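Going by the UniProt record's numbering, the letters in the sequence shown line up with residues 1 to 647, in that order.
First up is the structure itself, then whatever we jot down about it.
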Amino acid sequence: MRRQRASDGPEDRSDFLTDVFLGARYRDEIARAHMPVTRAFFAIGGIYFAAMTIAGLAVREGMERLILASSTGTLALGGLLGWLLCRRPRSYRMQERLGLLANLAILANLMLVLALTFDQSKIVYFIILITVYAAVGISLRLILSSAALAVLGMVFHLHARPPDLGLLYGFVLFGAGLAAIGGWMLGRRALIEAIDARHDAEALAAEAHAQAATDSLTGVSNRRAFLDALEEAIDRLRREGRRFALALLDLDGFKAVNEYHGHQVGDMILTDAGYRISRRCGEDGFAARLGGDEFALIVTAPARLADPARLAAEVAADMNDPFGCEGRSIRISASVGCLVCDEPDLSVDTAMERADFALRFAKRNRTGEAMVFDQRLEREMDNLFVIDQALRSCDPEEEFHLVYQPQYDMISGRTIGFEALARWRSPTIGIVAPDVFIKVAEQSSRISTLGAVLLRKALADRRDWPAGITTAFNLSARDILSDAAIDTFLAIVAASGVPPQCIEFEVTETAMMPDFATATGNIRRLREAGHRIVLDDFGVGYSNLGRVQQFRFDKIKVDRSFVRDIAEFPNSVALIRSIFDLTVNLGLDCVVEGVETPEEMAALRGIGVGVVQGYMISRPMAAAAVMEFLFREDRSGTGARIGNGLS
Numbered sequence: 001m002r003r004q005r006a007s008d009g010p011e012d013r014s015d016f017l018t019d020v021f022l023g024a025r026y027r028d029e030i031a032r033a034h035m036p037v038t039r040a041f042f043a044i045g046g047i048y049f050a051a052m053t054i055a056g057l058a059v060r061e062g063m064e065r066l067i068l069a070s071s072t073g074t075l076a077l078g079g080l081l082g083w084l085l086c087r088r089p090r091s092y093r094m095q096e097r098l099g100l101l102a103n104l105a106i107l108a109n110l111m112l113v114l115a116l117t118f119d120q121s122k123i124v125y126f127i128i129l130i131t132v133y134a135a136v137g138i139s140l141r142l143i144l145s146s147a148a149l150a151v152l153g154m155v156f157h158l159h160a161r162p163p164d165l166g167l168l169y170g171f172v173l174f175g176a177g178l179a180a181i182g183g184w185m186l187g188r189r190a191l192i193e194a195i196d197a198r199h200d201a202e203a204l205a206a207e208a209h210a211q212a213a214t215d216s217l218t219g220v221s222n223r224r225a226f227l228d229a230l231e232e233a234i235d236r237l238r239r240e241g242r243r244f245a246l247a248l249l250d251l252d253g254f255k256a257v258n259e260y261h262g263h264q265v266g267d268m269i270l271t272d273a274g275y276r277i278s279r280r281c282g283e284d285g286f287a288a289r290l291g292g293d294e295f296a297l298i299v300t301a302p303a304r305l306a307d308p309a310r311l312a313a314e315v316a317a318d319m320n321d322p323f324g325c326e327g328r329s330i331r332i333s334a335s336v337g338c339l340v341c342d343e344p345d346l347s348v349d350t351a352m353e354r355a356d357f358a359l360r361f362a363k364r365n366r367t368g369e370a371m372v373f374d375q376r377l378e379r380e381m382d383n384l385f386v387i388d389q390a391l392r393s394c395d396p397e398e399e400f401h402l403v404y405q406p407q408y409d410m411i412s413g414r415t416i417g418f419e420a421l422a423r424w425r426s427p428t429i430g431i432v433a434p435d436v437f438i439k440v441a442e443q444s445s446r447i448s449t450l451g452a453v454l455l456r457k458a459l460a461d462r463r464d465w466p467a468g469i470t471t472a473f474n475l476s477a478r479d480i481l482s483d484a485a486i487d488t489f490l491a492i493v494a495a496s497g498v499p500p501q502c503i504e505f506e507v508t509e510t511a512m513m514p515d516f517a518t519a520t521g522n523i524r525r526l527r528e529a530g531h532r533i534v535l536d537d538f539g540v541g542y543s544n545l546g547r548v549q550q551f552r553f554d555k556i557k558v559d560r561s562f563v564r565d566i567a568e569f570p571n572s573v574a575l576i577r578s579i580f581d582l583t584v585n586l587g588l589d590c591v592v593e594g595v596e597t598p599e600e601m602a603a604l605r606g607i608g609v610g611v612v613q614g615y616m617i618s619r620p621m622a623a624a625a626v627m628e629f630l631f632r633e634d635r636s637g638t639g640a641r642i643g644n645g646l647s
């Protein structure tokens with residue numbers, strides 16, 4: 001808030017006069033500003049009276065010489081002492097007292113000089129003293145009291161002199177005094193306005209700093225302020241051993257809300273989320289929005305740190321309550337990654353890296369829940385780092401290959417296609433599981449390079465396959481959201497000579513969530529080129545039916561989790577039946593993956609599902625084994641082949 005200036009209006013004039021006489025509102029500021037003047041006054045006065053002492057000893061004689069030398073010498077020592085005292089900041093009152101003491105001492109010395117030997121020309125010294133008092137006085141009270149004593153001293157020495165002499169010096173005194181006091185008041189007003197201007201500048205700077213450190217939408221701190229607060233918390237940890245908890249939070253489902261309900265509703269949710277997080281972190285904590293739908297908080301209360309898992313769960317639970325937006329109740333969730341910071345050698349980057357790893361682990365494995373970074377996650381993070389480094393330095397052409405799992409049509413009793421599955425055998429770290437290296441690759445720029453290499457391999461592998469057999473190729477999140485990657489894939493297919501209708505591209509809805517507009521455009525380009533698009537892992541994640549129509553998928557692949565639960569949860573059959581009926585009504589093909597037992601196969605056959613995929617049909621096989629597999633299928637028949645599916 002802007003500090004009100006002394007000249008802002010008529011009602012402030014009394015305040016200004018108060019400041020002039022007492023410096024009430026500005027005393028501390030005036031005291032600091034006046035310190036150089038007070039210090040210089042004592043220094044110059046000390047030097048002057050030291051010179052007068054030496055001169056007096058040289059030109060005077062007798063008792064007068066001794067008395068005046070003692071007086072001026074004392075004043076010189078007083079000036080030195082005052083200068084030493086003023087080397088450190090002194091208060092307004094202290095400077096007043098020191099000034100009054102110095103003024104009285106100088107006036108007493110002048111009275112002594114005139115008492116010993118009166119000289120009419122030295123009467124002007126009283127007037128000079130008044131101008132000096134006005135020039136160096138810190139307050140009007142000090143100046144007026146000192147000037148009044150000087151006037152009394154002058155009157156004392158002039159009362160026995162001719163009246164015309166008193167009248168002459170009286171006029172000079174009046175003019176000099178008026179000019180001195182008026183000049184002091186103008187100077188004081190300028191000083192007060194300068195102080196006000198500095199206060200205004202400081203207030204504006206503080207406001208600008210606060211705005212620079214605050215997220216304009218939610219009102220909580222922004223990323224830059226949070227990183228500063230995290231660094232301060234780590235410094236306290238090193239100095240005082242005060243541990244704290246760092247939590248990173250990502251809203252699950254927020255992008256869908258933004259897409260469906262608009263940015264205004266999304267902004268309302270972000271604002272409410274910021275309030276909830278601020279409330280959770282407590283008075284001693286720190287909450288911030290890092291960007292988008294990502295938030296962070298620092299919790300320092302010792303009682304809250306006793307159970308970090310509970311703390312992280314409470315942060316996640318805060319987001320489970322519905323958000324009220326324009327009369328609508330909207331539900332989302334939040335994934336939380338938490339780190340207890342108790343290592344003195346911890347850095348900001350390391351803390352953020354660990355908390356972010358816990359957050360990403362929660363999003364992959366426990367969406368809508370919390371994960372605390374512990375030794376197990378640390379080992380996994382180290383392992384993923386090793387995989388990342390090996391992936392960045394690998395030769396994809398030599399180290400990666402594809403295996404193929406058949407998709408079997410139970411109605412015709414024949415295999416209609418194969419899904420291409422990537423495999424990696426690293427010469428440095430050995431065989432790496434696909435679900436591991438794919439996640440690592442998706443977090444780096446290597447995924448698009450790998451995708452292009454593997455697509456070429458898939459096209460080369462299928463050259464000798466029958467024309468009616470399709471190849472299903474998985475697109476990563478980076479691929480479907482990259483125009484350049486889609487350009488590359490289309491060019492690779494065109495150069496291979498393989499008919500586009502033989503290549504299906506599988507994509508998950510989760511992969512499309514960050515940018516539906518770009519994903520829509522790229523899916524349209526693939527379909528226009530003649531490729532069929534498959535929605536993979538349907539039934540998990542968002543599974544929005546509106547998206548099925550919007551993206552115009554050709555096929556839906558039901559996630560294996562439904563099949564796995566058939567034996568234990570009979571309702572799973574009803575769910576699969578509902579999804580299958582939906583695909584029939586929408587004119588889409590349906591594939592159920594993860595079929596591993598005869599019971600599962602029978603249940604799906606009873607529903608009417610046509611195409612299945614899983615170990616019950618066959619394990620993934622090398623490209624060289626595909627033709628033999630198809631030949632055995634033609635020669636031995638469906639029943640014999642399925643019976644050996646698990647062998």
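Backbone N, C-alpha and C define an ideal beta-carbon position, used for all residues, glycine too.
Predicted, not measured: the structure shown is a model, and the values here were computed from it.
- Sequence-distant partners of glycine 614 (beyond 5 residues in either direction) whose C-beta falls short of 7 Å from its own C-beta, in its chain, are Glu593, Gly594, Val595 and Glu596.
- With the rule of 3 Cβ pairs closer than 8 Å, the region 457-477 counts as touching the region 416-428.
- Each of Glu397, Ser496, Arg354 and Gly468 was checked against the Cα of arginine 414, and the nearest Cα belongs to Gly468.
- Judged by pairs of C-beta atoms under 8 Å, the region 324-341 touches the region 255-266, as three or more such pairs exist.
- DSSP, reduced to helix, strand and coil, places glycine 324 within a strand of the structure shown.
- Beta bridge pairing from DSSP links isoleucine 533 with Phe505.
- Arginine 425 counts as exposed, since fewer than 16 other beta carbons sit within 10 angstroms of its beta carbon.
- Within 10 angstroms of the beta-carbon of glutamine 405 lie 16 or more other beta-carbons, which makes it buried.
- For methionine 63, the enclosing alpha helix (DSSP H) stretches over residues 62-85.
- DSSP places asparagine 222 in no beta strand (DSSP E); its state is neither H nor E.
- For the set Gly177, Asp435, Gly282 and Pro514, the Cα lying nearest the Cα of leucine 311 is the one of Gly282.
- Contact check for leucine 129 and alanine 150: beta-carbon distance about 5 Å, within the 8 Å limit, so the pair qualifies.
- Close CB contacts of alanine 205 within its chain, under the 6 Å cut and outside five residues either way in sequence, are absent.
- When C-beta atoms of the region 569-585 are compared with those of the region 599-611, three or more pairs fall below 8 Å, so the two segments count as touching.
- Contact between the region 523-530 and the region 492-509 is present: 3 or more CB-CB pairs across the two stretches fall below 8 Å.
- Residue pairing by DSSP places glutamine 405 opposite Glu419 in a beta bridge.
- For serine 445, the closest C-alpha among the options Gln389, Ala458 and Glu399 is that of Gln389.
- Taking the CA atoms as reference points, glycine 241 sits about 19 Å from cysteine 338.
- Boundaries of the beta strand (DSSP E) around glutamate 593: 589-593.
- Fewer than three Cβ pairs drawn from the region 81-97 and the region 60-69 lie within less than 8 Å of each other, which leaves the two stretches out of contact.
- Here valine 584 is exposed: its Cβ has fewer than 16 other Cβ atoms, across all protein chains shown, within 10 Å.
- With fewer than 16 neighbouring CB atoms inside 10 Å of its own CB, leucine 84 falls in the exposed class.
- In the DSSP assignment, serine 333 falls within the beta strand (DSSP E) that extends over 333-341.
- Look at alanine 288 here: in three-state DSSP terms it is strand.
- Apart from sequence neighbours up to five positions away, the residues of its chain that approach alanine 105 with a beta-carbon distance below 7 Å are Leu75 and Gly78, ordered along the chain.
- Residue range 244-252 is occupied by the beta strand (DSSP E) that includes alanine 247.
- Bridge partners of asparagine 474 according to DSSP: Glu506.
- In summary, glycine 82 is buried, with 16 or more beta-carbon neighbours lying within 10 Å of its beta-carbon over all protein chains present.
- Within the same chain, Cβ atoms closer than 8 Å to the Cβ of arginine 525 are found at Ile486 and Leu490, the five residues on either side in sequence being excluded.
- Residue Ala358 holds the alpha-carbon nearest to the alpha-carbon of alanine 245 among Pro427, Ala358, Ser216 and Asp395.
- The straight-line gap separating the alpha-carbon atoms of proline 162 and threonine 131 is approximately 25 Å.
- Less than 9 Å divides the Cβ of phenylalanine 551 from the Cβ of methionine 512.
- Boundaries of the beta strand (DSSP E) around leucine 297: 294-299.
- Nearest neighbour of leucine 391 by Cα position, chosen from Leu450, Leu604, His401 and Gly183, turns out to be Leu450.
- For the 9 Å CB-CB criterion, alanine 180 and alanine 147 form a contact.
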